[in-house]
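Listed in order, the protein sequences are those of chains E and P. Be aware that the first sequence starts at 87, since it is given in my numbering, and climbs by one per residue. Be aware that the second sequence starts at 8, since it is given in my numbering, and climbs by one per residue. Even glycine gets a Cβ: it sits at the ideal position worked out from N, Cα and C. Model, not experiment: these values are computed from the prediction.
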Amino acid sequence: MSKVRVLVGTRKGAFILTSDGARKRWKVSGPHFAGWEIYHVKGSPVNPDRIYASQTSGWFGQIIQRSDNGGKTWNTPGSSPEELKSPDGMPKGESNKFVYDSSPETGKPLTTHQWYDGTQHPWEFKRVWHLEPSLHDADHVYAGVEDAALFESKDGGKSWHELAGLRGSDTGPKWQPGAGGMCLHTILLDPSNPNRISIAISAAGTFRTDDRGKTWKPINRGLHSQYIPDPTAEVGHCVHRIAFHPSRPNTLFMQKHWDVMRSDNAGDSWQEVSGNLPTDFGFPIDVHAHEPETIYVVPIKSDSEHYPLKGRLRVYRSRAGGNEWEALTKGLPQRNCYVNVLRDAMSVDSLEPCGIYFGTTGGQVYASADSGDSWKAIVRDLPAVLSVEVQTLASPG
Amino acid sequence: MIRVILPPHLRTLARVNDETELEVKTSVTQRSVLDALEARYPMLRGTIRDHVTQLRRPMVRFFGCGEDLSHQSPDAPLPDAIAKGSEPFVIIGAIAGG
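Take a look at the structure:
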């Protein structure tokens, strides 16, 4: 029988929730890295026991953690005793060293972005928001960081190098931080085309490379954002999350600051599919594991009131790829609920029926084992949930 | 031996209890103590001072002998009591936030 492992990042540590395929009884382990902000935890699709975690602190900066046994034990890559020394005898300890490429050819050392006061500001590394392990190699992993840039490691997280073509692109000076900082929060690796990666940045928009990260182009045509001087500008849109179904990588779904959007040409153009949603503000968006046109969002009242409408927590599902939405309420609090669901805090398993999971800033992780028809909290009262990832595991034997 | 006290989160990260003792062969300064600390515990690199600039992170402080040593030059000799090991070099996270 299959198993499910849910990787939860919170404001004060990581938690790992496990169940068999029935998804009725859950074990909770944690907190791992107690007291630290865990922005994201994600396992390798090549080797599910290889898990990467972004551990961060306003005091002590960024730490990358890695587990090679499904989260039982963790290490900072490159710091195990046999790996401590570089050839010159000095410690490496570079797994948390994220240094922007400043070479003239790629990083353009004078590149700046727009600051809150309208002036230009140099890039400053703050933290890793999202880790995306490669589809083909467990030692290869991408990191989306704040200030927005894309890094990669090809040695299991021991060392990191920027894919500087993104930040060095001509639009960089127009990027600006949103309220949460200028973060690269979404990384989509195209399973049908290893040269193609799509990423999203708040508040710059969505970008795509078709040459493994050397060059990038903005893919924001069709987005309309009233909160920027030119609502249809090439960049400057506050994209909260993008998602696709692996079997249809050219069909992208987006939850923008306001508006739910869809593209059927890998982001070259977008159409709004908010339809009958009661509010089209929100953070996460995800796709059913077996139905590429079934998508999920969690509508939030507004950008100044980050909680569900009327205190009723509702997931909305569209089985038509957008426009026609139904409220999913069974098992979710329908009164006095004022939590938020953050952009990286929704995920799906690949069992039948598909399981949907999301975490709240109130510390609950809700799960549905029937594609969203009904829900229950599989854990409550954790610290505020920042991210949720799900692994579907085959049981040995 | 130089005695160093780490803040709790960094003790967990470095997997040490209470104090750690370091041998510093050169003049005992903030820089030489931190160099020795990071050589012993590479996972601490970047958590106390910036990887590239080597500047102290803004919300980290260095105390010793009842004084805040944070704003002294990283190359200034530390007090004799720290150099002799009778007093610890204390690294703390500033008290702020939750």
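Chain order gives no chain P residues near lysine 110 of chain E, where near means a beta carbon separation below 9 Å; the closest approach is about 34 Å. Taken through DSSP and simplified to helix, strand or coil, alanine 139 of chain E comes out as strand. Where aspartate 42 of chain P is concerned, the enclosing alpha helix (DSSP H) starts and stops at 37 to 47. Across the structure, tyrosine 228 of chain E and serine 93 of chain P are spaced so that their CA atoms are roughly 46 Å apart. Close partners of serine 284 of chain E in chain P (Cβ separation under 7 Å) are lacking, with about 30 Å as the shortest Cβ gap. DSSP places leucine 93 of chain E inside the beta strand (DSSP E), whose first and last residues are 89 to 96. For aspartate 276 of chain E and glutamate 218 of chain E, the gap between their C-alpha atoms comes out near 12 Å. The beta carbon of valine 11 of chain P does not come within 7 Å of any beta carbon belonging to chain E, so the residue lies off that interface. When C-beta distances to chain E are compared with 7 Å, the residues of the region 55 to 76 of chain P below that value are His58, Val59, Arg64, Met66 and Val67, in chain order. The Cβ atoms of glycine 243 of chain E and proline 131 of chain E do not sit closer than 7 Å to each other. Taking the C-beta atoms as reference points, arginine 38 of chain P is found no nearer than 7 Å to aspartate 87 of chain P. Here lysine 91 of chain P carries a helix assignment [DSSP, helix/strand/coil]. Listed as beta-bridge partners of phenylalanine 211 of chain E by DSSP are no residues whatsoever. At a Cβ-Cβ threshold of 7 Å, lysine 462 of chain E and glycine 397 of chain E do not count as neighbours. Of all residues in the region 135 to 152 of chain E, the ones placed with a Cβ closer than 9 Å to any Cβ belonging to chain P are Gln141, Ser143, Gly144, Trp145, Phe146, Gly147, Gln148 and Ile149, in chain order. Only residues of its own chain outside the window of five on either side were considered, and among them Gly361, Asn362 and Ser404 have a CB closer than 8 Å to the CB of glutamate 410 of chain E, listed in chain order. At a beta-carbon threshold of 9 Å, none of the residues of chain E lie near histidine 78 of chain P; the nearest stands roughly 18 Å away. Taking valine 425 of chain E as the centre and dropping the five residues before and after it, the same chain places the C-beta of Thr446, Thr447 and Gly448 closer than 6 Å to its C-beta, in chain order.
For the region 98 to 155 of chain E, the continuous beta strand (DSSP E) assignments of 3+ residues that do not extend past its boundaries occur at 99 to 106, 113 to 118, 123 to 129, 137 to 143 and 147 to 153, in sequence order. Straight-line measurement puts the Cα of arginine 307 of chain E at about 23 Å from the Cα of tyrosine 382 of chain E.
Counting the other CB atoms within 10 Å of its CB gives serine 34 of chain P a total below 16, which places it among the exposed residues. Interface flag for proline 49 of chain P against chain E is set, since a Cβ pair is found closer than 7 Å.
The three-state secondary structure of alanine 329 of chain E, taken from DSSP, is strand. Note: asparagine 161 of chain E is bridge-paired with E/Arg152 in the DSSP secondary-structure output. Around tryptophan 122 of chain E, the beta-carbon contacts reaching into chain P at under 7 Å are His16.
Check the Cα spacing between tyrosine 138 of chain E and each of E/Leu437, E/His118, E/Gln262 and E/Val185: the tightest is with E/His118.
In the DSSP assignment, leucine 338 of chain E falls within the beta strand (DSSP E) that extends over 334 to 342.
In the same chain as serine 220 of chain E, and ignoring 5 residues on each side of it, the C-beta atoms closer than 6 Å to its own belong to His226, in chain order.
For alanine 453 of chain E, the uninterrupted beta strand (DSSP E) run begins and ends at 451 to 454, by DSSP. Distance from the CA of asparagine 133 of chain E to the CA of aspartate 241 of chain E, rounded to the nearest whole angstrom, comes to 14 Å. In the DSSP assignment, histidine 199 of chain E falls within the beta strand (DSSP E) that extends over 198 to 200. Not flagged as an interface residue toward chain P: threonine 198 of chain E, since no C-beta distance is shorter than 7 Å.
Proximity of chain P to serine 288 of chain E at the Cβ level (cut-off 8 Å) is not reached, the minimal Cβ distance being about 23 Å. In the same chain as proline 439 of chain E, and ignoring 5 residues on each side of it, the C-beta atoms closer than 6 Å to its own belong to Asp456 and Ser457, in chain order. Identification of residues in the region 17 to 29 of chain P having a C-beta nearer than 8 Å to some C-beta of chain E yields Leu17, Thr19 and Leu20, given in sequence order.
Within the DSSP secondary-structure output, lysine 462 of chain E pairs in a beta bridge with E/Ala453.
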